Every structure is written in C-alpha cells, then in structure tokens.
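The block underneath contains the structure these notes are about, expressed in structure tokens.
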Amino acid sequence: MNRVFYLLCFSLILLHSCKGTKALSDAKIKKLKTEKIVNNHYDNAFEFTTINAKVKVRYNDGKQSFSPNVTLRLEKDKKIWVSAKLLGITLAKALITPEKVSYYEKINNTYFEGDFKLLSEWLGTDLDFEKAQQLLLGQALFNLKDDKYVSSIENQKYRLSPKKELELFERLFVIHPNSFKMSSQQLKQPLENRNLLISYSSYQKVGNQDFPKEIDILASEGISRTSIKIDYRSVDYNARVSFPFKIPSGYEQVTIE
Numbered sequence: 005m006n007r008v009f010y011l012l013c014f015s016l017i018l019l020h021s022c023k024g025t026k027a028l029s030d031a032k033i034k035k036l037k038t039e040k041i042v043n044n045h046y047d048n049a050f051e052f053t054t055i056n057a058k059v060k061v062r063y064n065d066g067k068q069s070f071s072p073n074v075t076l077r078l079e080k081d082k083k084i085w086v087s088a089k090l091l092g093i094t095l096a097k098a099l100i101t102p103e104k105v106s107y108y109e110k111i112n113n114t115y116f117e118g119d120f121k122l123l124s125e126w127l128g129t130d131l132d133f134e135k136a137q138q139l140l141l142g143q144a145l146f147n148l149k150d151d152k153y154v155s156s157i158e159n160q161k162y163r164l165s166p167k168k169e170l171e172l173f174e175r176l177f178v179i180h181p182n183s184f185k186m187s188s189q190q191l192k193q194p195l196e197n198r199n200l201l202i203s204y205s206s207y208q209k210v211g212n213q214d215f216p217k218e219i220d221i222l223a224s225e226g227i228s229r230t231s232i233k234i235d236y237r238s239v240d241y242n243a244r245v246s247f248p249f250k251i252p253s254g255y256e257q258v259t260i261e
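Each residue of the sequence shown is one higher than the last, beginning at 5 in our numbering.
Encoded structure:
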C-alpha cells in the first residue's frame, strides 16, 4: 500500500470530454528541419509562475486501483504540491522540490522523505524535479537541444529519435504539428524489459496557451504493468497559491522497496 501511495502521489507530480481540445488539421503538414521542430516545441512551452488545478486520477497496477480527486499546485521550477482525496477524505499529500520528495498518507499513518533515486529505478530513467514538471506540462522529459535528433513525419505528426542513443536506452518523441506540444514520449530499456509510455490524448486552451487535458502514463517491467490516467478538470494559472505541508506527529517513516 505504501508503494502504491508513493507512486500515485508522485505520478501526479512527476502523468471525459474533449471540449476545448485543439483538433489537428487534416491537411498535409509542412516538412521542417529538426532544429526548427525542437525550437518550436520550446517556443510554445506553457508560460506561468503558478498553477492551481483540479485533477481526476485513475491508478491501476493490476492488483489495486484508485480513482481519487486531486488538487495539484505548481510554482515554476520550485514546488509541486499534491493533495489526494477519496469520498471527501484526504488520503495523502506530497510536496516535491528540486531537492527532495516528501509525502505522507493517512491510512497507515506513514511518511516518506528522500530523493528521486528509487522512483527513477522503477521507471527506468533518471527522474528529477524538472522532468516531473515537464511531464505535467506536455513538454519533453529530456532537453531536446542537448542531443542530435532525426525527424520524420508519420501519421500527421513529427517524430524525433536520437541519432545516437544513450547506452541501454531508446527514446522516441512524437510532436503535434500545430501546437508543437508532445503527443507522446517513450523511453525503453530493452535489456531490463522496461518501457515507459506517456501519451497526451488531448489538450485544452488555458488563456491563449495549450495545456494538457488528458495524460496517460503506462509503465511496464516484464509482465508487470501500471497505468495512471490524469484528467485536468480545471486549470488556473498565475494566481496566488499556498503549499501547506507538515508531516503529522506520530507517523512512521518508511522506505520504498
């Protein structure tokens, strides 16, 4: 149960109706140089100082499933705060900063404080605050300007794959041709039989900017599969927000195995 709550809380940090979704054009998309696609992706990044969102989450690992209502708050490059409720009862809270991950859950009266190492091992990729933030915003987990990529057009979308893969890793990024936001991003570790697929099935307009509406996260290792679906029900940005977090006294500290 502790591991489930950790993954649930963190997945909201680190992934209904399609009303307001920006539809892709059926017209033939323009062939662009890879550098231009990458630059457009970053030029269209969501600009904000704070975000306050109401989110519906569906978690299923084949053994247990949860569907809590979540309040998600971000302060750009500084904090990600999560409060998860089920039937109006607070289940867990998490506070993520660039330095550490903290969370507590009320069912077993336990808490966790530590770095990103254990979840990074579980997902099969190095995870940090920036990657968790980018995941929630529809941006590439890796900095696409750090490596050389080959681009192509498939199914009316731009596909980017590295000219030279990282050792033991395979990466694939699929980008919408109109908004230049992520359509999907996939990380594989073939030798470990691990796969992480993050799909952005729809976007919505928040102000005049494109923001994810639905995010599907599928993590697998061997025959084990974990599915996390994130549905943004409402999104407000640049409002004044607070990040209340205090681990209750008497809670037992746990480690994640």
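Even glycine gets a Cβ: it sits at the ideal position worked out from N, Cα and C.
None of the values given here were measured: they were computed from a predicted structure.
- Inclusion of Thr53 and Asn212 in the CB contact set at 8 Å is not warranted, their separation being larger than that value.
- Rounded to the nearest angstrom, the Cβ distance from Lys110 to Ala96 is 7 Å, consistent with a contact under 8 Å.
- Annotation for Phe133: no beta strand (DSSP E) segment contains it, though the alpha helix (DSSP H) segment containing it runs 133-141.
- In the same chain as Ser156, and ignoring 5 residues on each side of it, the C-beta atoms closer than 6 Å to its own belong to Arg163, in chain order.
- Under the three-state reduction of DSSP output, Thr101 falls in the coil class, being neither helix nor strand.
- Counting only the Cα atoms, Gln160 lies some 7 Å from Lys32.
- Residue pairing of Asp220 in beta bridges, as defined by DSSP: Ser203, Lys233.
- C-alpha of Ala136 to C-alpha of Leu145: approximately 8 Å in a straight line.
- At a Cβ-Cβ threshold of 8 Å, Val86 and Ile234 do not count as neighbours.
- Looking at Lys34, Asn44, Phe50, Asp65, the one whose alpha-carbon comes closest to that of Glu225 is Asp65.
- Just measuring C-alpha positions, the residue of Leu99, Gln193, Lys35 sitting nearest Lys250 is Leu99.
- Selection Lys80, Asn182, Asn43, Leu191 evaluated against Val245 yields Lys80 as nearest (Cα-Cα).
- Phe173 places its beta carbon less than 8 Å from that of Leu191.
- Per DSSP, Val258 lies in no alpha helix (DSSP H) and is assigned neither H nor E.
- In the structure shown, the three-state DSSP call for Asp240 is strand.
- Asn43 and Glu256 have their C-alpha atoms spaced approximately 47 Å apart.
- The three-state reading of DSSP puts Lys168 in coil, since its state is none of H, G, I, E or B.
- Distances from the CA of Ser238 to each of Lys149, Arg77, Ala223 were compared; the closest alpha carbon is that of Arg77.
- Membership of Thr53 in any beta strand (DSSP E) is not indicated, and neither H nor E is assigned to it by DSSP.
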